[in-house]
Amino acid sequence: MQRFSTLRQTPRRLVTTVGLIVLVSEFLIMLLIDILQPLLHDKGSIFWSFADPIALAVVVSPVLYVLVFRPMHQQQMELKTQLDVLRRNEQLTALIEAIPDAVFLKDGDGRWVVINESAKQLFQLQNLPWQGKTEMELAALHPTFRTAHEACLASDEKAWQSRQLLVVEEGPIQQDGRNPIVVESRKVPIFDSDGRRKGLVILARDITDRKQADAKLKLFRRLLDNSNDAVEVLDPVTLRFLDINETGCRVLGYTREELLSMSVFDIDPAINPESRKMVEAQLRGSGCALFETMHRRKDGSTFPVEVSVTLAESDRPYLLAITRDITDRKQAEQELRIAATTFEAQEAIVVTDRDHRILRVNRAFTRRPATAPWRSSARLQPFSNRDDRMQRSTATCGKRSIATTTGKANCGTGARMARVTRNG
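Residue numbers for the sequence shown follow full-length UniProt numbering, so the first one is 1 and each next one is one higher.
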């Protein structure tokens with residue numbers, strides 16, 4: 001500030017100084033002329049008329065330069081330099097304040113030199129004298145943050161020792177009346193030319209929300225991978241896999257990396273333009289589609305699946321496909337169809353186990369009078385292959401083998417009937 005007050009007074013001082021120099025110089029020149037005139041009386045009046053201003057210029061100019069103009073020029077250069085520094089400092093301060101992260105500048109001894117408003121809010125220093133304080137001195141001023149300051153001091157030393165950028169997570173930092181936060185600090189040490197510690201620049205970013213989002217994402221991914229159904233994210237145009245859960249990888253026999261380089265056309269041999277148009281029509285109509293198809297594993301084997309597809313919008317359109325292996329359901333449906341066909345037959349049919357215990361009979365069997373006394377605990381006598389010219393066939397239904405024998409039953413009536421024996 002003294003520099004600026006001096007600058008405001010410069011014109012007044014300059015006029016006074018120049019005036020005094022001119023007056024003194026003129027007085028001395030007049031004295032000199034008065035002394036020289038008697039000695040140089042042969043010179044004309046014209047000579048003495050020009051002698052005064054010439055002498056004044058010769059004497060005054062060097063004096064003014066040495067005593068006035070050179071100091072003024074030096075002062076102006078110094079002032080310009082100071083203004084440039086001040087302007088740069090103001091720009092730097094504005095830049096630091098514009099950064100949303102907390103910014104710290106410490107000297108080589110760990111004292112806080114510069115911080116922005118975000119840093120003050122992080123450590124609640126708005127009303128505390130933080131300038132020139134070390135971490136432990138600040139911890140004494142605000143004991144709530146003692147643990148955080150101790151952690152900062154330890155990570156500062158790691159940055160000094162590494163002599164390069166250090167990125168470290170610090171926290172949780174417990175703030176008064178607030179939830180704990182976690183910050184990611186980026187610390188850059190600065191050294192003098194002789195290797196001594198000069199300063200430490202620190203940028204600290206609150207990553208609490210990011211950490212919570214990461215934790216939720218990991219939980220969601222774990223639940224997704226543990227689903228019994230395959231969950232696939234597809235590109236709606238190319239039908240390429242954008243993501244798939246662990247169940248989908250396991251069922252198809254591929255790794256995730258392999259599937260991410262493939263499309264639905266690689267695993268669905270039944271897909272064709274007509275079926276694709278049908279699914280797209282359902283998606284346009286209701287936003288979802290449900291259909292059955294066949295999928296092919298990496299080993300070439302196929303299995304039936306039920307696919308539920310939903311169109312999802314985010315930054316771009318996506319297809320979310322939930323694929324369920326329906327092999328067991330298909331086998332059960334086939335068994336039910338066989339059973340329904342068998343028990344609607346006109347011939348009497350009885351189902352027994354390996355020990356010929358009766359399990360079930362059809363309506364035709366119950367309509368025969370001789371069968372009325374039969375109970376589920378009764379046994380059916382085996383057919384005689386020698387007398388009845390048996391016809392036997394075996395069918396596969398689900399995971400069980402069904403043996404069907406046709407002939408005359410030894411049940412007291414001699415009626416023709418079929419016996420179905422379950423092997424499992």
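The beta carbon of each residue, even a glycine, is placed where N, CA and C say it ideally should be.
Close beta carbons around residue i, own chain, < 7 Å, minus the five adjacent residues each side
i: D235; result: L242
i: T208; result: I181, V182
i: Q126; result: K120
i: Q174; result: T144, P180
i: D229; result: T247, I322, T323, R324
i: D107; result: V113, G199
Coil, strand or helix - residue i by DSSP
i: S227; result: coil
i: P143; result: helix
i: D156; result: helix
i: E137; result: helix
i: A270; result: coil
i: R360; result: strand
i: I99; result: coil
i: L125; result: coil
i: L217; result: helix
i: R205; result: strand
i: F241; result: strand
i: T341; result: helix
i: T352; result: strand
i: L105; result: strand
i: G248; result: helix
i: R186; result: strand
i: R222; result: helix
i: R197; result: strand
i: T81; result: helix
i: P180; result: coil
i: E257; result: helix
i: P71; result: helix
i: L92; result: helix
i: G132; result: coil
i: G171; result: strand
i: E347; result: coil
i: L165; result: coil
Test item: CB-CB of residue i and residue j under 7 Å
i: E186; j: L203; result: Reading off the sequence shown, one finds Arg at residue 186, where the question assumed Glu. It is a contact, given that the beta carbons lie within the stated cut-off.
i: H295; j: D268; result: yes
i: A270; j: V279; result: no
i: A364; j: E347; result: yes
i: F303; j: D325; result: yes
i: V305; j: A321; result: no
i: residue 492; j: L122; result: As shown, the chain starts at 1 and ends at 424. That puts residue 492 outside it, with no answer to give.
i: R297; j: G253; result: yes
i: S155; j: V167; result: no
i: L153; j: L141; result: no
i: R163; j: E184; result: no
i: R240; j: C249; result: no
i: S118; j: A102; result: yes
i: Y318; j: V233; result: yes
i: R336; j: L311; result: The question names Arg, but residue 336 in the sequence shown is Leu. No, these two residues do not count as a Cβ contact at 7 Å.
i: E97; j: N116; result: yes
i: R360; j: V351; result: yes
i: L219; j: V188; result: no
Same chain, Cβ closer than 6 Å to residue i, neighbours up to 5 away in sequence not counted
i: G132; result: R111
i: K80; result: none
i: A148; result: I173
Buried/exposed call for residue i, threshold 16 Cβ in 10 Å
i: R327; result: The amino acid occupying residue 327 in the given sequence is Thr; Arg does not appear at that position. With fewer than 16 Cβ atoms within 10 Å of its Cβ, T327 is classed as exposed.
i: D109; result: exposed
i: E150; result: exposed
i: I349; result: buried
i: L259; result: buried
i: V309; result: buried
i: G287; result: exposed
i: A159; result: buried
i: E274; result: exposed
i: V251; result: buried
i: V237; result: exposed
i: L135; result: With the sequence shown as reference, residue 135 is identified as Glu, and Leu is not the correct amino acid for it. So E135 counts as buried.
Sequence-distant residues of the same chain with beta carbon closer than 8 Å to residue i, five excluded per side
i: M77; result: none
i: L95; result: none
i: residue 445; result: Residue 445 lies beyond the range of the chain shown here (1 to 424); nothing can be said about it.
i: A340; result: none
i: M262; result: R240, F241, Y254
i: I99; result: N116, S118, L203
Curious, which full-length beta strand (DSSP E) runs of at least 3 residues does the UniProt domain "PAC" (289–338) contain?
-> 302–313, 317–325
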